[in-house]
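Visitor:
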Amino acid sequence: MKITVNNVLGAVVIELLSGRRVVHRERFEGKTTTPYTRSIRQTIAFDSHRAVTNLNRDDLFTYGVEA
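This is the structure we're talking about:
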């Protein structure tokens, strides 16, 4: 599985959920103005995801989760 973030200026946590329960979290910190991809090993099934941000500026922030 891969998680890609773009335009991070601060901190962001991507949460993977199964129902309403968080089954995995990935934290990204720092500054990037280009896409940054992190590969993770995820063995627990998830059905949705969300981003929890603490950014100085989040109007350009994007993320994607690829199974």
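Counting along the sequence shown from 1, when you hit position 13 you're at -7 in my numbering, and nothing is skipped either side.
A virtual CB, placed ideally from N, CA and C, is assigned to each residue, including glycine.
From a predicted model like this one, the values you see are computed outputs, not experimental measurements.
1) Could you tell me the distance, in whole angstroms, from the CA atom of residue -19 to the CA atom of residue 31?
2) What residue range is occupied by the uninterrupted beta strand (DSSP E) comprising residue 42?
3) Which residues in the same chain as residue 46 place their Cβ atom closer than 6 Å to its Cβ, once the five residues preceding and following it in sequence are excluded?
4) What's the call for residue -4, buried or exposed, on a 16-neighbour Cβ count within 10 Å?
5) Could you check if residue 24 is buried or exposed, using at least 16 other CB atoms within 10 Å of its CB as the buried criterion?
Guide: Let me lay it out:
1) 16 Å
2) For residue 42, the uninterrupted beta strand (DSSP E) run begins and ends at 42 to 46, by DSSP.
3) The residues are -18.
4) The residue is buried, with at least 16 neighbouring Cβ atoms inside 10 Å.
5) exposed
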